[in-house]
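Colleague: Before I ask anything, let me first share the structure, which is written out below as structure tokens.
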Amino acid sequence: MPFVTIDGQPLHYIDQGTGPAVLLAGSYLWDQAMWAPQIAALSQHYRVIALDLWGHGESGPLPEGTKSLDDIARQALALLDHLDVDRVTLVGLSVGGMWGVRLALSAPQRINGLVLMDTYVGVEPEPTRQYYFSLFKQIEDTGVIAPQLLDIVVPIFFRPGIDPQSALYQDFRAKLAALPSERLRESIVPMGRITFGRDDLLPRLGELNPATTLVMCGDQDKPRPPSETKEMAGLIGCPYVLVPEAGHISNLENPPFVTEALLKFLAERN
Numbered sequence: 014m015p016f017v018t019i020d021g022q023p024l025h026y027i028d029q030g031t032g033p034a035v036l037l038a039g040s041y042l043w044d045q046a047m048w049a050p051q052i053a054a055l056s057q058h059y060r061v062i063a064l065d066l067w068g069h070g071e072s073g074p075l076p077e078g079t080k081s082l083d084d085i086a087r088q089a090l091a092l093l094d095h096l097d098v099d100r101v102t103l104v105g106l107s108v109g110g111m112w113g114v115r116l117a118l119s120a121p122q123r124i125n126g127l128v129l130m131d132t133y134v135g136v137e138p139e140p141t142r143q144y145y146f147s148l149f150k151q152i153e154d155t156g157v158i159a160p161q162l163l164d165i166v167v168p169i170f171f172r173p174g175i176d177p178q179s180a181l182y183q184d185f186r187a188k189l190a191a192l193p194s195e196r197l198r199e200s201i202v203p204m205g206r207i208t209f210g211r212d213d214l215l216p217r218l219g220e221l222n223p224a225t226t227l228v229m230c231g232d233q234d235k236p237r238p239p240s241e242t243k244e245m246a247g248l249i250g251c252p253y254v255l256v257p258e259a260g261h262i263s264n265l266e267n268p269p270f271v272t273e274a275l276l277k278f279l280a281e282r283n
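This note's numbering applies: residue 14 is where the sequence shown begins, and numbers increase by one.
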């Protein structure tokens, strides 16, 4: 398994296929395996790189001194440097889009294209932020994501009509239930606070290139509703696409639609 040491910790990533580079940046509480359908399709034509967030998947704990999404963006840039990738199309879903915008703004010369999925770079609405922070406190205190918390957290990621007995739903629930206390306290909770305590980047969206940016969102995404996607697309001046029959992890709830949209976007830019 490929790892690179960044800020003193091992960051796990996969690097598959050849051609123009595509960086897949996923959601909080998910590892790079969430991109499996897209990796299989895109790596036929492109060099696909997908990383595990700190404390997620095979990556090590959140490095000391990592305090903001800007730090995460800088660390991802260090990965691209390590891989000798000069320019990349970045596809960021949820927190991947939040730090992906920061990477694009800090190093625009490195970006071929930017796809922002099920994400929002404004501040978290205060009631939501306080609610999530109260959940983090429970997890920190108990060292576990207890069953009653799983009943709250897991449905957030999916469209309301999903079958809770489906493999997608049950596998995610089982993964969260199995997270060890140390990982929760050292990485998952601090990463959550960084994510939901983020600053407002909406005023800077006009600096992105509208010709090379696309915003996408599951049409039934609850935590990051389509209204946020439309707002960001308006500020950037770029198109947006709603993914039918999909919630927050839209690429896994409607893989064919998302994969096709990404292939089309990439073909127009590479």
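Built from N, CA and C at the ideal position, the CB exists for glycine as well.
Mind checking whether Gln233 and Gly174 have CB atoms under 9 Å apart?
Modeller: yes
Colleague: Taking C-beta to C-beta, are Gly73 and Asp44 nearer than 9 Å?
Modeller: no
Colleague: To the nearest angstrom, how far is it from the Cα of Leu118 to the Cα of Glu220?
Modeller: 7 Å
Colleague: Return the CA-CA distance between Tyr144 and Val254, expressed in angstroms with no decimal places.
Modeller: A straight-line Cα-Cα distance of about 29 Å links Tyr144 and Val254.
Colleague: With distance defined between alpha-carbon atoms, name the residue in Ala246, Thr132, Glu241, Cys230 nearest to Val271.
Modeller: Of all alpha-carbon atoms in Ala246, Thr132, Glu241, Cys230, the one lying nearest the alpha-carbon of Val271 is that of Cys230.
Colleague: What is the DSSP secondary structure of Phe171, counted as helix, strand or coil?
Modeller: coil
Colleague: Compare the Cα-Cα distances from Ser81 to each of Leu36, Tyr41, Pro203 and report the closest residue.
Modeller: Pro203
Colleague: How many Å lie between Leu181 and Pro160 at the Cα?
Modeller: 17 Å
Colleague: Judging by CA-CA distance, which residue of Thr31, Arg198, Gly250 is the nearest neighbour of Arg217?
Modeller: The shortest Cα separation from Arg217 among Thr31, Arg198, Gly250 belongs to Gly250.
Colleague: Grouping DSSP H, G and I as helix and E and B as strand, with all else coil, what is Tyr133?
Modeller: coil
Colleague: For Thr31, which three-state DSSP category applies?
Modeller: coil
Colleague: Which one or two residues does DSSP pair with Met229 in a beta bridge?
Modeller: DSSP, once it has assigned bridges, lists Met130, Val254 as partnering Met229.
Colleague: Spatial neighbours of Leu189 within its chain, please: CB distance less than 8 Å, with the 5 preceding and 5 following residues excluded, ordered by chain position.
Modeller: Leu42, Ile158, Leu163, Val166, Val167
Colleague: Can you tell which of Pro15, Val136, Leu215, Thr226 has the C-alpha that lies nearest to the C-alpha of Leu129?
Modeller: Thr226
Colleague: According to DSSP, Ile19 sits in a beta bridge with which residue or residues?
Modeller: Gln22
Colleague: Secondary structure at Gly3, three-state DSSP: helix, strand or coil?
Modeller: With the chain represented from 14 up to 283, any question about residue 3 goes unanswered, as that position is not in the structure.
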